[in-house]
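Working notes for the structure below.
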């Protein structure tokens, strides 16, 4: 029983990691940039949702407002910071990415302080599946993650916009020559990433009662590990498949974390995840040529 | 003896700075507070120059430097506390052991990351910081979260100065040789470097581990200077500050790293109010430098010297006119 | 005397058999041409020889030594040099430094010499400086010696590429479409440069080229590749006169 309930509980963490991992994957595929700000935007979204709910705005509208704010911020970041640097030098873009992430975190802490915040409950209740009791929020988490995964997958595989995104991901020089506005497509993808981040933030908000501004770093890091396990760096893979990979990686990392936390200790969960990442990279190094 | 054989001018400059500093300290011109700050500046020079070796020369972003420092610090502290030999014996031994521990760990984490082109090392190093901190706290190493007190004060100015000169000299000589040139090429075009007969995998691991070794030594010096260490001193904030110092000084420029390490160590003590937002200013400066002056602010020391000379001459000529 | 012998190698990449049961040999000190339609596996054959990929089956020997499992850098040390399509160089190094890098393995000093700055270090560096300058004048790059590769004309970049490859003291030089992007006159001149390399440095050369006419004058034999295997090897005139083969090369 314990094992099964652990696995079910890991769906929450898995879902959050999966969504953020997908945001990382899309970002890397479209412009070869690991957008470390994803972790910090995630935390900021949580705080904005909290603020809106405390202002008596219904949860759904809070999420929508947060989505809009997050999308504007992410797209502004891409436009003002990443675009000029990526054109110049990929190495410098990595420095800007990590610098911005920690800059945003520290500015946030400076302005708002780093005391733990209590998050108001948005969703309470449990569902019964036979003899197993699952929290309502967990269930929503799983459903939302899968729904978004399908949505993004279908978008990439079946729509015209999806085709354009895939084309720009594979060969941005050719798409530019064919008259596709690469910059606009990149902005749209960053907007999609914001939607994923806000969804992850709302899932986090629903299920966890206390947070502080520093959770973004470790959650972002684990989601990045999840994205890599899901096949982030494999350039020859196709983009729609990498969507499934990212989500799968997220759930795998969530599972590893929950299982090591339950059966070994909390500290080992970090080490376990990165050990598995190291082993994965060593074993799969042939594919990355 | 690892000294710069190239130019006697630089050798004299190093000796001069040493003599002036030692005299100032012994005759009381520099009190012990500022002497401590100078020693921290020297330790930061080691850290920034070694990080520049990994980042600017090798081209691998690493945020693990404070973790390597922590390993060096804790290892050396455990050795000096465990043994009760004379300082002259156990201090160098402890510091070098600290460096070696950091080096072995660096080999361990860089092995998977270096097999693959791309910057996966950054992600692993971010995680390493947290893992090392948690390890120290949870396995209660040398006091765990309460920290370690009563460390012997082995780091006197001469020792720190000489070690800094040796390390910076070593890195300088290494860069200006076939090894340094090959390493710079690896960061630019790995396949082509392989085609020139360079075993890029070994070079990458060796360079990164060397940088970690020096960071570990700096950690040992650091611990025996501050006399008290805690796991929270070695979080990723320090790594970020070091990265900012590297970039503002100039990626790949040793002189730039030295200048920026000194300035950014002394600056927070002269402008007290920025201590709270130190990290914000450093990160902001780093991003601005990357955008507008990617070669770094202090990388061209000849130009800086020339500019200072010009200012000096201008002042004299204006004085004469009036 | 056969320098390079490829015995029945096959390579499968991403599910498709790129090289199938290929047999190839290169005589010492000769220039050999390799032609074929696009995607027939010519560059992949170079990848196999130079160590980028390891064949699934078969054996490759260089002067009697089995080189099948060796890495790129080990093969360069043993004397296999290779250029890629489109001139490849280090953009932040000057032309001189680019060529100097090819001499990496000729610098016979170790870490102690570097730190202690012994006479051996200075002598090695000086010797390499002289050899670099010699190569620069051989390949007519003297005008561009201190410039950066991005600022020099394309044919000079191609010469830079081959100069760097020659600096590694190869026994076997693999040139992948060396005249791509050059005008007809520049291409013919480049062919003369290749012939000079073969004469002067006693290097066996294999050239992948799409234009058969360029190879006629300098190659002692030409091999035709299709669908991952060599279908014919003969002297250039016979290949040229064979209608079937030339139409295969044109992709018909």
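Protein chains in written order, with my numbering: chain F, 1118 to 1406; chain S, 295 to 616; chain L, 784 to 1035. Idealized CB from N, CA, C, for every residue including glycine.
With DSSP as the reference, identify every bridge partner of residue i, one or two as the case may be.
i: residue 807 of chain L; result: L:789
i: residue 817 of chain L; result: L:991, L:1006
i: residue 864 of chain L; result: L:956
i: residue 796 of chain L; result: L:799
i: residue 1234 of chain F; result: F:1328
i: residue 903 of chain L; result: None, per the DSSP bridge assignment.
i: residue 978 of chain L; result: According to DSSP, which records beta bridges pairwise, residue 978 of chain L is partnered with nothing at all.
i: residue 842 of chain L; result: L:790
i: residue 1015 of chain L; result: L:1007
i: residue 912 of chain L; result: In DSSP, residue 912 of chain L forms no bridge with anything.
i: residue 849 of chain L; result: L:844
So residue i and residue j are in contact, right, with Cβ under 8 Å, and what is the actual spacing, rounded?
i: residue 345 of chain S; j: residue 1216 of chain F; result: Not a contact, Cβ separation roughly 15 Å.
i: residue 414 of chain S; j: residue 1398 of chain F; result: 6 Å
i: residue 1389 of chain F; j: residue 1136 of chain F; result: Not a contact, Cβ separation roughly 21 Å.
i: residue 1283 of chain F; j: residue 1356 of chain F; result: 5 Å
i: residue 357 of chain S; j: residue 477 of chain S; result: About 20 Å; that fails the 8 Å criterion.
i: residue 997 of chain L; j: residue 974 of chain L; result: 6 Å
i: residue 321 of chain S; j: residue 513 of chain S; result: Their Cβ separation, rounded to whole angstroms, is 31 Å, which puts residue 321 of chain S and residue 513 of chain S out of contact at 8 Å.
I'd like the list of long-range same chain contacts for residue i, defined as Cβ closer than 8 Å, with 5 residues on each side in sequence excluded.
i: residue 815 of chain L; result: 809, 987, 988, 989, 990, 1002, 1003, 1004, 1005, 1006
i: residue 977 of chain L; result: 814, 945, 958, 961, 988, 990, 1001
i: residue 1029 of chain L; result: 995, 1022, 1023
i: residue 530 of chain S; result: 357, 360, 420, 423, 424
i: residue 1144 of chain F; result: 1150, 1151, 1152, 1155, 1306, 1307, 1310
i: residue 868 of chain L; result: 826, 959, 960, 963
i: residue 501 of chain S; result: 347, 348, 351, 352, 477
i: residue 802 of chain L; result: 792, 793, 794, 824, 827, 828, 831, 838, 1011, 1012
i: residue 316 of chain S; result: 451, 452
i: residue 819 of chain L; result: 825, 1007, 1008, 1009, 1031, 1032
i: residue 560 of chain S; result: 331, 335
By Cβ distance below 6 Å, which residues in the same chain neighbour residue i in space, the five residues on each side in sequence not counted?
i: residue 461 of chain S; result: 340, 508
i: residue 466 of chain S; result: 548
i: residue 859 of chain L; result: 951
i: residue 589 of chain S; result: 544
i: residue 446 of chain S; result: 374
i: residue 1174 of chain F; result: none
i: residue 885 of chain L; result: 947, 950, 951
Can you find the residues in the same chain that come closer than 7 Å, C-beta to C-beta, to residue i, ignoring five residues on each side of it along the sequence?
i: residue 441 of chain S; result: 522, 523, 524
i: residue 1352 of chain F; result: With a pLDDT of only 46 at residue 1352 of chain F, under 50, the local geometry of the prediction cannot be trusted, and no value is derived from it.
i: residue 1203 of chain F; result: 1148, 1150, 1210
i: residue 918 of chain L; result: 882, 946, 949, 950
i: residue 1187 of chain F; result: 1158, 1162, 1311, 1314, 1315
i: residue 1333 of chain F; result: 1156, 1157, 1159, 1160, 1222
i: residue 939 of chain L; result: 924, 927
i: residue 418 of chain S; result: 403, 407
Comparing the C-beta of residue i with each C-beta of chain C, is any distance below 7 Å?
i: residue 855 of chain L; result: Given the protein chain composition of this structure (F, S and L), no chain C is represented.
Compile a chain-ordered list of the residues in the stretch 891–916 of chain L whose CB is closer than 7 Å to at least one CB of chain S. Shown in chain order are the members of the stretch 891–916 of chain L whose Cβ falls below 7 Å from a Cβ of chain S: 897, 898, 900.
Going along the chain, which residues of the stretch 574–595 of chain S sit with their C-beta nearer than 8 Å to a C-beta in chain F? Of all residues in the stretch 574–595 of chain S, those with a C-beta nearer than 8 Å to a C-beta of chain F are 574, 577, 578, 580, 581, 584, 585, 588, reading in chain order.
Residues from the stretch 404–424 of chain S in contact with chain F, defined by Cβ distance under 9 Å: 405, 406, 407, 409, 410, 411, 412, 413, 414, 416, 417, 418, 420, 421, 422, 424
Could I get the ranges of all uninterrupted alpha helix (DSSP H) runs contained in the stretch 358–444 of chain S, with 4 residues as the minimum, in chain order? 359–376, 381–408, 414–432
Selection of the stretch 466–493 of chain S by Cβ proximity to chain L, strictly under 7 Å: 467, 468, 471, 472, 473, 475, 476, 479, 482, 483, 486, 488, 489, 490, 491, 492, 493
Would you list, in chain order, the members of the stretch 332–366 of chain S that have their beta-carbon closer than 8 Å to a beta-carbon of chain F? 353, 355, 357
Only counting runs of 4 or more residues, tell me where the alpha helix (DSSP H) segments fall wholly within the stretch 308–363 of chain S, in order along the chain. 326–346
List, from N- to C-terminal side, the alpha helix (DSSP H) runs of 4 residues or more that fit wholly inside the stretch 1283–1339 of chain F. 1289–1294, 1299–1324
May I ask you to list, following chain order, the residues of the stretch 1383–1399 of chain F that have a beta carbon less than 7 Å from some beta carbon of chain S? Those would be 1384, 1387, 1388, 1391, 1395, 1398, 1399, in chain order.
Mind listing which residues of the stretch 526–551 of chain S have their C-beta closer than 9 Å to chain F's C-betas, in chain order? 530, 531, 534, 537, 538, 541, 545
Please list the residues of the stretch 447–465 of chain S that have a C-beta atom closer than 9 Å to any C-beta atom in chain L, keeping them in chain order. 463, 464
Contained alpha helix (DSSP H) runs [length at least 4] in the stretch 437–506 of chain S, N- to C-terminal order: 451–469, 472–482, 484–489
Please list, in chain order, the residues of the stretch 959–992 of chain L that have any C-beta partner in chain S closer than 7 Å. Flagged: no residues at all.
Completely contained beta strand (DSSP E) runs for the stretch 517–556 of chain S, where each covers 3 or more residues: none
Please name the residues in the stretch 430–442 of chain S whose beta-carbon is closer than 7 Å to at least one beta-carbon of chain F, in chain order. 432
Give me the subset of the stretch 924–938 of chain L whose CB atoms are less than 8 Å from a CB atom of chain S, sorted by chain position. none
Give me the subset of the stretch 1321–1340 of chain F whose CB atoms are less than 8 Å from a CB atom of chain S, sorted by chain position. 1334, 1335, 1338
Could you run through the stretch 1204–1229 of chain F and flag, in chain order, every residue whose CB is less than 8 Å away from some CB of chain S? Going along the stretch 1204–1229 of chain F in chain order, one finds 1205, 1206, 1208, 1209, 1211, 1212, 1213, 1215, 1216, 1217, 1219, 1220, 1223, 1224, 1227 with a Cβ nearer than 8 Å to chain S.
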